[in-house]
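Residue numbers in the sequence shown follow my numbering, run continuously in steps of one, and reach 605 at the last position.
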Amino acid sequence: YDNVVGSYVQFAVSAPAAGNATLTFRFANGTTTSRPLSVNGTVVDFPSTGAWTTWQTRTVTLNLVAGVNTIRATATTAGGGPNLDSLNADFPPPPSGGYQAEDATISQGVIESNHAGFTGTGFVNYDNVVGSYVQFAVTAPAAGNATLTFRYANGTTTNRPVSVNGTVLDFPATGAWTTWQTRSVTVALAAGANSVRATATTAGGGPNLDSLTVTFQSGGFQHPGVLVTRAQLDFVRGRVIANAQPWRAAYDAMVASRFASLSYTAHPRSVVECGPSSNPNLGCSDEREDAIAAYTHALRWYLTGDSRYADKAIQIMDAWSGVITDHTNSNAPLQTGWSGASWSRAAEIIKHTYGGWTSSRVTRFSTMLRNVYLPEIINGHPNNNGNWEAIMMDAVVGIGVFLDDRTVFDKGVSIWRGRVPAYIYLTTDGSIPKAPPGSRYDTPAEIIDYWHGQDTFVDGLAQETCRDFGHTGWGFAAAIHVAETARHQGMDLYGEMRTRMTKALEFHANYDLGATAPSWLCDGSISRGIGPIPEIGYNHYASRLGLSLPKTKQLIETRLRPTGVSHFLAWETLTHANNP
């Protein structure tokens, strides 16, 4: 800027819809005084950054119209403005909506509550006639596609197809009237009021219908929105600057790690070969650690405003995207999940908060995720221990958000919804745990063997509990990561697994704290050490919702904080302790 009042920089910003947008300016101010700017009439301070080579960010929220907007940043003092590097505009996702069937318009059906597991106050039982229907009034913020997800139960042995606004959707048997599942369909909605009618197409009527969730796709995803959001990172930065605990200790631990060093060197490979237990280990540790280093530098960039860390994250990501072509050997799906989960978090922060990653390199990195990572993980792995598929979906969902690919995101969520109930047991599941969808486990004997010989089942027990707590913790952590990312995108997966996950966290924390295992649990012999996994889940259920999880709280506060790094886990005390 020239050192005069009224000098300005003007941007043309295109908004997908009318509403508030978060504008983030990257700047340097090597003077000792603030250089305030008027941004479309709102004055924003741009304080000293200590040097002209030290870059930081300042954020302001403005209401924009749909389409092109003029954003003018005008100097308000004779000193002019700061050195201005870039502007990043983030738009909130369109809202998702949840609708209870009992609140809808019902033709030839009744509201009942005699089968457990429903949400709200009941569900709709269709009359057994062609043409019976449930009709929802759905409001869309803008014209475009939306994903309609119906929660239902079908205790018969036959399909109960339903026409959803003319598209026939199968509702297959769920095994019992108390077993609830979901079916989804994508439809085009008009801006404003829409009628969504689910009409029975056979003489058997429809299934028992519990609810409808509508996810609007027209506005894309919230960015950054893989595991952490801008608001969460701003909260952490404020806590660290204030030297508040546990964030300061967690930040100091991260900074002291080799992953945060500017001298960190990436070790990319064309082919990463990982056998059982990473033997052979031909690039397995290198890839996992490089991805975590990229995420660590992305965090350090945002929390300090020092562009050197953003550039280091980019250097690591570019090194791999220019080289890797494949993952091979038996552990390839798990390895791809571990690394893909961390890559997507790092890339999401850098792409949406830093202007120095060139579009060509972003495209190359995106192509790497789509062509090298997704094919290995997107269809899941139902026959392996459950932590595999949970970790793979952690990566799929994160990559889906980064790529702005709703189909990929929805696929990950769908597999997650099948896997979590098959990984964590509740007594309402019946005498035997659920089998993973698509798996080869058909009989009680096969499921017991799959659960490592455990034949007594209680709330919160997990499929890998009797294997060891470490792998079980990975499964929990990955499931929680998916729920956290989905929450940022307007989807409450936490609510869907609330009872399972809170029971699981408390059950395992109790034994990890030293409780003696009874003889019925893993023949009285358990392998403790759940690892740095409960922080994000505890934050949601205890800090946000106010639920009591005393054993989990004790474990976190006395044994785990500040949490560090493990394969695909990194710095979760820092990012999620008591974080709204």
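C-beta: ideal position from N, C-alpha, C; glycine also. Nothing here was measured: the structure is a model prediction, and the numbers come from that model.
Just mark residue i as buried or exposed, buried being the case when its beta carbon has 16 or more other beta carbons within 10 Å.
i    : result
L237 : buried
S346 : buried
A37  : exposed
P587 : buried
S295 : exposed
W596 : buried
N604 : buried
L328 : buried
Q81  : buried
N13  : The requested residue 13 does not occur in the structure, where the chain is confined to residues 26 to 605.
L324 : buried
Using only the alpha-carbon positions, how far apart do residue i and residue j sit?
i    : j    : result
D454 : W545 : 19 Å
G244 : G250 : With a pLDDT of only 45 at G244, under the threshold of 50, the placement of this residue in the model should not be trusted; the figure read from the coordinates follows. Distance between the alpha carbons of G244 and G250 is about 14 Å.
T84  : S464 : 48 Å
Y3   : T101 : Only positions 26 to 605 of the chain appear in this structure, which leaves residue 3 out of reach.
T164 : R553 : 49 Å
Y177 : V155 : 18 Å
S332 : M342 : 15 Å
V93  : S39  : 4 Å
P401 : F71  : In the sequence as displayed, the identity of residue 401 is Glu instead of Pro. For E401 and F71, the distance between alpha carbons rounds to 46 Å.
F175 : G330 : 44 Å
Q340 : A371 : 12 Å
V387 : H248 : 15 Å
D435 : S286 : 36 Å
W382 : E298 : 29 Å
E521 : Q35  : 45 Å
P557 : A502 : 9 Å
P469 : D484 : 18 Å
Y475 : T378 : 44 Å
T481 : G405 : 28 Å
A126 : G231 : 13 Å
T204 : M516 : 21 Å
F427 : S367 : 12 Å
S391 : G106 : 35 Å
Short check: CB of residue i to CB of residue j, under 8 Å?
i    : j    : result
G300 : N356 : yes
L173 : A114 : no
R60  : G104 : yes
F593 : D419 : yes
G500 : L530 : no
V445 : R389 : no
T57  : S73  : yes
S364 : R313 : yes
V422 : A511 : yes
V527 : Y566 : Looking at the sequence shown, residue 527 is not Val but Thr. Result yes, Cβ atoms of T527 and Y566 sit closer than 8 Å.
Y158 : A223 : yes
V280 : W272 : no
I472 : A460 : yes
T577 : Q257 : no
N304 : A228 : no
V397 : I349 : yes
Compare the C-alpha of residue i against each of the options and name the closest.
i    : options                : result
G75  : N108, S63, A91         : N108
T353 : G437, D484, L307       : L307
Q579 : E560, E597, D152, S550 : E560
L87  : Q81, T95, S220         : T95
G44  : A91, T57, G443         : A91
Y466 : D311, A447, T224       : A447
Q160 : T181, T240, N190       : N190
P358 : G180, S384, N412, S188 : N412
Y322 : P293, I375, A275       : The sequence shown places His at residue 322, rather than the Tyr named in the question. H322 has its Cα closest to that of I375, out of P293, I375, A275.
F143 : L394, W77, F196, Q206  : Q206
R208 : T226, V187, D517, H601 : V187
Q479 : G549, D311, A540, H513 : G549
A141 : Q360, V507, D235       : D235
D429 : F246, M393, Q133, W202 : F246
T361 : A335, I416, R325, P407 : I416
V221 : T182, T240, A162, P197 : A162
R569 : E509, A344, L451, V30  : E509
Relative to the ligand PLP, is the shortest distance from any of its heavy atoms to the C-beta of residue i smaller than 7 Å?
i    : result
D537 : Ligands are entirely absent from the displayed structure, and the ligand PLP is therefore not among its contents.
Within 8 Å (strictly less), CB to CB, does residue i reach chain C?
i    : result
G463 : The question asks about chain C, but that chain is absent: this structure has only one protein chain.
Next item on the list: Quick one: which unbroken beta strand (DSSP E) runs of 3-plus residues sit fully inside the region 215 to 246? Chain order, please.
Entry: Here the runs fully enclosed are 217 to 225, 233 to 241.
Check: Could you give the uninterrupted runs of the alpha helix (DSSP H) lying entirely in the region 454 to 493, keeping only those of 4 residues or more?
Finding: 469 to 475
Check: Taking the runs of the alpha helix (DSSP H) that are 4 residues or longer, which of them lie wholly in the region 364 to 398?
Finding: 384 to 393
Next item on the list: Mind listing, in chain order, the continuous beta strand (DSSP E) runs of no fewer than 3 residues lying wholly within the region 67 to 137?
Entry: 67 to 69, 81 to 89, 92 to 100, 108 to 115, 122 to 125, 130 to 132, 134 to 137
Checklist line | Minimum length 4: unbroken alpha helix (DSSP H) runs contained in the region 296 to 365 | finding: 309 to 329, 332 to 346
Next item on the list: Any chance you could list the alpha helix (DSSP H) runs of at least 4 consecutive residues sitting entirely within the region 527 to 573, in chain order?
Entry: 560 to 563
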